[in-house]
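K.L.:
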Amino acid sequence: MSTASTPRLAGAGKSISAPAPASLCLLRLSALGDVSHVVPLLRRIQQHWPDTAITWIIGQFEARLVGDIAGVEFITYDKRSGWRGLAALRRQLRGRRFDGLLLMQLALRANLVATAVRADVRIGYDTARSREGHGLFINRRIAPASGQHVLDALGSFGQPLGLPDGPVRWQLPIADEAHEFAEATLPADRPVLIISPCASHTLRNWRPERYAAVASHAVRRHGLAVVLCGGPSAGERAMADAIVGHCREPLLDLVGKDTIKRALALYQRAALVISPDSGPVHMANAVGTPVLGLYAATDPARSGPYSDRRWTVDRFDAAARRFRNRPGSQLRWGSRVEYPGVMDLIDVADVSERLDAFMAQAGGTGTGGKGRGDDPAAAGTAAGTPS
3 MSTASTPRLA GAGKSISAPA PASLCLLRLS ALGDVSHVVP LLRRIQQHWP DTAITWIIGQ
63 FEARLVGDIA GVEFITYDKR SGWRGLAALR RQLRGRRFDG LLLMQLALRA NLVATAVRAD
123 VRIGYDTARS REGHGLFINR RIAPASGQHV LDALGSFGQP LGLPDGPVRW QLPIADEAHE
183 FAEATLPADR PVLIISPCAS HTLRNWRPER YAAVASHAVR RHGLAVVLCG GPSAGERAMA
243 DAIVGHCREP LLDLVGKDTI KRALALYQRA ALVISPDSGP VHMANAVGTP VLGLYAATDP
303 ARSGPYSDRR WTVDRFDAAA RRFRNRPGSQ LRWGSRVEYP GVMDLIDVAD VSERLDAFMA
363 QAGGTGTGGK GRGDDPAAAG TAAGTPS
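For the sequence shown, our numbering begins at 3 and goes up steadily by one.
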């Protein structure tokens with residue numbers, strides 16, 4: 003597993019010189035983290051084939067993260083719309099044909115959506131990773147690979163088209179309003195630790211009293227300002243209330259008060275983000291902010307913060323041994339160990355130790371006061387990756 007921030011080439015493999023396609027359709031509906039992993043591939047297409055017309059079929063919610071990327075036609079699809087939505091998509095795409103379809107999602111819904119897209123070349127996953135009839139909707143496959151991070155797997159979808167390799171870049175647009183919100187909301191006199199405590203899969207969530215203990219440690223030992231972030235759901239509100247109730251130090255509670263773009267601006271100004279396997283892990287990574295990931299139910303080698311996993315707590319192997327009676331290395335790539343109590347394998351001491359190590363390498367001050375454009379990823383390149 004890569005642990006430090008090292009140079010990477012998304013889709014690394016043999017580069018084949020090929021003429022640029024006139025048009026490409028990307029199909030990845032969800033979720034936030036996976037959608038963020040598609041962006042470096044999109045940036046590579048734009049860099050090497052600037053005249054290629056790009057269409058991205060994406061979920062309505064996920065479009066809030068990337069839908070303002072310039073030079074891309076976004077077609078939003080309501081994942082709750084069923085056959086009615088599929089029929090509407092067929093009407094919208096009637097009479098159009100693409101040079102290539104990149105079917106980057108292994109789900110029956112995505113397969114059905116793909117039937118609305120006419121394309122000469124239909125690229126999908128290799129046989130080993132395919133499921134739910136994925137192979138019936140494609141005519142070319144990416145190369146087999148074991149142990150890949152999701153971002154690298156998605157990056158390899160350009161290989162069958164001859165797309166050259168290149169450095170990982172996100173360059174996610176963040177509006178001035180979001181930057182102004184972050185600047186006005188976050189304290190400027192201390193480094194900021196953001197805790198985004200909830201994943202959409204509740205079995206990946208850590209206990210609120212443990213978050214509270216780490217937050218107290220961050221304030222007392224390191225003088226950090228601790229901020230809670232999250233969406234407006236009832237579950238996230240309950241988690242935030244429980245953390246505040248258990249914590250003996252003051253916290254800034256922004257749960258339910260930001261938007262996806264405001265969250266990006268908040269993460270960009272933070273010294274560090276703590277979160278379980280969820281969209282915020284990858285959003286923070288995309289804007290160049292280090293992440294202390296909490297991983298037991300899932301494997302951080304596959305879905306951890308891409309640029310730097312030195313600060314991640316990894317208990318996936320211990321979880322596999324306890325709940326699946328075998329080492330994590332013997333589970334199928336992409337397996338989840340989502341059982342009640344699995345996140346209890348991560349102790350407060352584990353997280354506090356990683357926080358202390360991060361602060362030590364940051365000189366004890368974090369990167370407080372960081373603003374827009376202060377980090378490599380905000381300028382367009384993953385930290386540690388040459389442009």
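Glycine residues also receive a C-beta, built at the ideal position from the N, C-alpha and C atoms. Fair warning: this is a prediction, and the values are worked out from it, not measured in the lab.
Give a yes or no on whether the C-beta atoms belonging to serine 305 and cysteine 200 are separated by under 8 Å.
P.N.:
Numbered from 1 along the sequence shown, position 303 holds the residue referred to as residue 305. Numbered from 1 along the sequence shown, position 198 holds the residue referred to as residue 200. Cβ atoms of serine 305 and cysteine 200: not closer than 8 Å.
K.L.:
Quick one: grab the DSSP three-state call for serine 406.
P.N.:
Limits of the chain in this structure are 3 at one end and 389 at the other, which puts residue 406 out of reach.
K.L.:
Answer yes or no: do leucine 256 and cysteine 231 have a C-beta to C-beta separation smaller than 8 Å?
P.N.:
The sequence position of residue 256 within the sequence shown is 254, counting from 1. The sequence position of residue 231 within the sequence shown is 229, counting from 1. Yes; because the gap between Cβ atoms is below 8 Å, this pair is in contact.
K.L.:
Who does isoleucine 276 pair with in a DSSP beta bridge?
P.N.:
Taking the first residue of the sequence shown as 1, we reach residue 276 at position 274. DSSP lists Ile197, Leu294 as partners of isoleucine 276.
K.L.:
Who are the near neighbours of phenylalanine 325 in its chain, counting only those whose CB is closer than 8 Å to its CB and skipping five residues on each side?
P.N.:
Position 323 of the sequence shown holds residue 325. So the list reads Val339, Tyr341, Val344, once near-sequence residues are dropped.
K.L.:
Could you please give the first and the last residue of the uninterrupted alpha helix (DSSP H) stretch that includes aspartate 122?
P.N.:
Here the question's residue 122 lines up with position 120 in the sequence shown. Secondary structure note for aspartate 122: it is in no alpha helix (DSSP H), and the uninterrupted beta strand (DSSP E) holding it is 121 to 126.
K.L.:
Do isoleucine 196 and alanine 267 have their CB atoms nearer than 8 Å?
P.N.:
The residue labelled residue 196 in the question sits at position 194 within the sequence shown. The residue labelled residue 267 in the question sits at position 265 within the sequence shown. No, the pair does not count as a contact, with Cβ atoms beyond the cut-off.
K.L.:
Straight-line CA distance for isoleucine 262 to asparagine 327?
P.N.:
Working through the sequence shown from its first residue, we reach residue 262 at position 260. Working through the sequence shown from its first residue, we reach residue 327 at position 325. Each residue's alpha carbon lies about 39 Å from the other.
K.L.:
Under three-state DSSP, which class holds glutamate 75?
P.N.:
Mapped onto the sequence shown, residue 75 falls at position 73. Here glutamate 75 sits in strand by DSSP.
K.L.:
Do you know whose CA, among Ser148, Arg92, Pro21, Gln62, lies nearest serine 331's CA?
P.N.:
Locating residue 331 in the sequence shown gives position 329, counting from the first residue. If we check each option's Cα against that of serine 331, Ser148 comes out closest.
K.L.:
Three Cβ pairs or more, each shorter than 8 Å: is that satisfied between the region 313 to 323 and the region 165 to 176?
P.N.:
no
K.L.:
To the nearest angstrom, how far is the alpha carbon of methionine 3 from that of leucine 296?
P.N.:
Working through the sequence shown from its first residue, we reach residue 3 at position 1. Working through the sequence shown from its first residue, we reach residue 296 at position 294. With a pLDDT of only 36 at methionine 3, under the threshold of 50, the placement of this residue in the model should not be trusted, and no figure is reported.
K.L.:
Do you know how far the Cα of arginine 133 is from the Cα of arginine 92?
P.N.:
Walking along the sequence shown from the start, residue 92 turns up at place 90. Walking along the sequence shown from the start, residue 133 turns up at place 131. One C-alpha to the other measures close to 24 Å.
K.L.:
Return yes when at least one heavy atom of the ligand ADP lies under 7 Å from the C-beta of aspartate 101, else no.
P.N.:
Absence of the ligand ADP from the depicted structure is noted, as is the absence of any ligand whatsoever, leaving it without description.
K.L.:
Whose CA, out of Arg311, Gly336, Gln49, Gly365, lies closest to the CA of glutamine 173?
P.N.:
Translated into the one-based positions of the sequence shown, residue 173 becomes position 171. Here the closest residue by C-alpha is Gln49.
K.L.:
Under the DSSP definition of a beta bridge, which residues are partnered with arginine 142?
P.N.:
Taking the sequence shown and counting its residues from 1, the one referred to as residue 142 is at position 140. According to DSSP, which records beta bridges pairwise, arginine 142 is partnered with Ile125.
K.L.:
For proline 342, does the three-state DSSP call read helix, strand or coil?
P.N.:
Here the question's residue 342 lines up with position 340 in the sequence shown. In this structure, proline 342 counts as coil in the three-state DSSP scheme.
K.L.:
Who are the Cβ neighbours of serine 2 in its own chain at under 7 Å, not counting the five residues just before and after it?
P.N.:
Absent from the structure is residue 2, since the part of the chain shown begins at 3 and ends at 389.
K.L.:
Can you tell me which of His224, Ala180, Gly247 puts its alpha carbon nearest to the alpha carbon of lysine 259?
P.N.:
If you number the sequence shown from 1, residue 259 lands on position 257. Taking only the C-alpha atoms, the option nearest lysine 259 is Ala180.
K.L.:
Which runs of the alpha helix (DSSP H) spanning at least 4 residues fall entirely within the region 77 to 122, listed in chain order?
P.N.:
84 to 95, 110 to 116
K.L.:
What is the rounded straight-line gap between the Cα of tryptophan 313 and the Cα of alanine 118?
P.N.:
Taking the first residue of the sequence shown as 1, we reach residue 313 at position 311. Taking the first residue of the sequence shown as 1, we reach residue 118 at position 116. CA-CA distance, tryptophan 313 to alanine 118, rounds to 43 Å.
K.L.:
Counting along the chain, where does the alpha helix (DSSP H) carrying glycine 157 start and finish?
P.N.:
For the purposes of this step, residue 157 is taken as the residue at position 155 of the sequence shown. Residues 152 to 157.
K.L.:
Does DSSP put threonine 57 in a helix, in a strand, or in coil?
P.N.:
Here residue 57 refers to the residue found at position 55 when the sequence shown is read from its first residue. It is a strand residue.
K.L.:
Quick check on the burial criterion: 16 or more other C-beta atoms within 10 angstroms. Buried or exposed for threonine 57?
P.N.:
Reading the sequence shown from its first residue, position 55 is the one you call residue 57. Label assigned to threonine 57: buried.
K.L.:
For the candidate residues Arg86, Thr54, Leu88, Gly87, whose alpha-carbon lies nearest to that of glutamate 75?
P.N.:
Here residue 75 corresponds to residue number 73 of the sequence shown, with the count starting at 1. Taking only the C-alpha atoms, the option nearest glutamate 75 is Thr54.
K.L.:
Between proline 169 and glycine 247, what straight-line distance do the alpha-carbon atoms span, to the nearest angstrom?
P.N.:
Taking the sequence shown and counting its residues from 1, the one referred to as residue 169 is at position 167. Taking the sequence shown and counting its residues from 1, the one referred to as residue 247 is at position 245. Using only the alpha carbons, I get a separation of about 44 Å.
K.L.:
Determine the extent of the alpha helix (DSSP H) in which valine 353 is found, giving its start and end residues.
P.N.:
Numbered from its first residue, the sequence shown carries residue 353 at position 351. Run containing valine 353: 350 to 363, per the alpha helix (DSSP H) assignment.
K.L.:
Quick one, are the C-beta atoms of arginine 143 and arginine 120 less than 8 Å apart?
P.N.:
Here residue 143 refers to the residue found at position 141 of the sequence shown. Here residue 120 refers to the residue found at position 118 of the sequence shown. No. Outside cutoff.
K.L.:
Whose CA, out of Leu205, Ser25, Pro278, lies closest to the CA of isoleucine 47?
P.N.:
As a position in the sequence shown, residue 47 is number 45, starting the count at 1. For isoleucine 47, the nearest C-alpha among the options comes from Ser25.
K.L.:
Relative to the C-alpha of aspartate 358, which residue among Thr129, Asp191, Val221, Leu156 is closest?
P.N.:
Residue mapping note: residue 358 aligns to position 356 of the sequence shown, counting from 1. Comparing Cα-Cα distances from aspartate 358 to each of Thr129, Asp191, Val221, Leu156, the minimum goes to Val221.
K.L.:
Leaving out five residues on either side along the sequence, give the residues of the same chain with a beta carbon under 7 Å from the beta carbon of alanine 322.
P.N.:
Working through the sequence shown from its first residue, we reach residue 322 at position 320. Around alanine 322: Arg328, Pro329, Gly330, Leu333, Val339.
K.L.:
State the start and end residues of the unbroken alpha helix (DSSP H) segment that holds alanine 267.
P.N.:
As a working mapping, residue 267 is identified with position 265 in the sequence shown. First-last of the alpha helix (DSSP H) with alanine 267: 262 to 271.
K.L.:
Please check the pair tryptophan 208 and proline 278, which I expect to be a contact at CB under 8 Å, by giving their CB distance rounded to whole angstroms.
P.N.:
If you number the sequence shown from 1, residue 208 lands on position 206. If you number the sequence shown from 1, residue 278 lands on position 276. Yes, tryptophan 208 and proline 278 are in contact; Cβ-Cβ is about 6 Å, under 8 Å.
K.L.:
From which residue to which residue does the alpha helix (DSSP H) around alanine 227 run?
P.N.:
If you number the sequence shown from 1, residue 227 lands on position 225. That residue, alanine 227, is in no alpha helix (DSSP H); its beta strand (DSSP E) goes 227 to 230.
K.L.:
DSSP has valine 315 in a bridge; who is on the other side?
P.N.:
The residue given as residue 315 occupies position 313 in the sequence shown. In DSSP, valine 315 forms a bridge with Leu296.
K.L.:
What did DSSP end up calling proline 329 once you bin it into helix, strand or coil?
P.N.:
As a position in the sequence shown, residue 329 is number 327, starting the count at 1. In the structure shown, the three-state DSSP call for proline 329 is coil.
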